[in-house]
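Working notes for the structure below.
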Amino acid sequence: GGAGVGDGSGGRGAGAPAVGGARESGAAVEPGPESYRLGDYDLAARLSFFLWGSGPDEQLMSAAATGRLSDPAAREAEVRRMLRDPRASALSTRFAGQWFRLQDLEKIQPDVRVNPDFDEPLKRAMLRETEIFFDNLVREDRPILDLYTADYTFVNERLARHYGIPDVAGDHFRRVRQIDGERRGILGHGSMLTLTSHAGRTSPVLRGKWVMEVLLGTPPPPPPPDIPELEEEAVEDGRLLTVRERLEMHAASPTCNACHRMIDPIGLALENYDVSGAWRIRDGGVPIDAASEFYDGTPISTPSELRAALLKRPEPLLRTFTENLMAYALGRRLEYYDMPAVRRIVRDAAAEDYRISAFIVGVAGSDAFLMKAAPAAADGEPVNGNGG
């Protein structure tokens, strides 16, 4: 249960999944005498729900029956075998889907007057692009930072046309090289760009907030009460104001400015993408002005410059991925006492070039994953359990 993965509260209660994760893993385990090691059968179930979203196969049950899952090397070998199995695609449809909030795409219906080309097949194609892209990162065991830098994606004819990629015919998805440096990685995915837009206009605030919460694990505080929405029809000199101009009027107020200084530059760097992620150079007839400053002072005005600014200090990206992966695996929010394990997993993954399998093996070998909180007896004392 709990919030969706990536509710953005980072380690201070990183999101827990609605699905996936081992079924019996509700109670948080704070290292101490009240917790005990899971038995091998429980561990097999926890592993299979984490990696496959379903129950264990015969080979995993046999590893449990012979006690091999208690041995770290044998357990790691089993995890790597499971990642090679087609069932590991659950990590893309369930884990990545929740982390990136792809379910929110369902609620999006861009205004046809603004976006006459948007339809259900395009929306479905956007969702599949992100799922297949993440699944490919897992299958090829790529470094997790490829999420931002990959010079390829997966499109069918409908999505290729939307992105302006030539020579793609038919409904099936195939890998294409991204010649255009602006479109690379998750920040160029139509799914993310559409679910962070309003029906009739882009929203630098929603896009900036999504990056801060989902990718950086630093959610901005909620806006103060009674703050009006951006005026949809703001006009000056007889023309509709651009999204940027309306945003600047809104952010001029001192109560709003502190947070908007952090959020807006991220979203403004993505303003060349319209409400459904198609590239544009004008907003309402006025050339797009996306120039801004990242919170560390780096000037950014394009998606590629935003990507470079984020990757200059990759630690928050790596930590937030780990927190979300661990919350998903445990089926609960992370707590303060999980943070040392998160830091250790990131540190150990560095030796393996931050490959995705290193994070998954790290989570599956963490005390929180291997332990279970003991149920309290009637008098409040923990019941002894052997985990069998």
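Everything in the sequence shown is counted per the working numbering, starting at 10 for the first residue and increasing by one.
Beta carbons: idealized from backbone N, C-alpha and C, even for Gly.
Restricting attention to Leu100, Phe143 and Val164, the CA atom closest to the CA of proline 130 is found in Val164. Between alanine 358 and lysine 218, the alpha-carbon positions lie close to 27 Å from each other. In this structure the region 91 to 110 does not touch the region 158 to 172; the number of beta carbon pairs closer than 8 Å is below three. Membership of lysine 321 in the alpha helix (DSSP H) is indicated by the continuous run 312 to 321. Distance from the CA atom of alanine 54 to the CA atom of glutamate 302, rounded to whole angstroms, is 47 Å. The Cβ atoms of valine 351 and glutamate 332 lie closer than 8 Å to each other.
Sixteen is the threshold: since fewer than 16 other Cβ atoms of the shown chains lie within 10 Å of the Cβ of isoleucine 290, the residue is exposed. Checking the DSSP bridge columns, you'll see arginine 353 has no partner listed. About 25 Å separates the CB atoms of leucine 343 and leucine 196; that is not less than 8 Å, and the two are not in contact.
Here the alpha carbons of leucine 52 and leucine 379 stand approximately 7 Å from one another. Counting only residues of its own chain and dropping the five nearest sequence neighbours on each side, glutamate 87 has a CB closer than 6 Å to the CB of Ala72. Ranking Ser79, His181, Arg90 and Thr211 by CA distance to the CA of aspartate 283 puts Thr211 first. In the DSSP assignment, tyrosine 346 falls outside any beta strand (DSSP E), carrying neither H nor E.
The shortest C-alpha to C-alpha distance from arginine 193 to any of Met135, Val372 and Pro312 is the one to Pro312.
For the pair threonine 227 and leucine 215, the CB atoms are not nearer than the 8 Å cut-off. Relative to the Cα of serine 285, the nearest Cα in the group Ala318, Ser200 and Arg322 belongs to Ser200.
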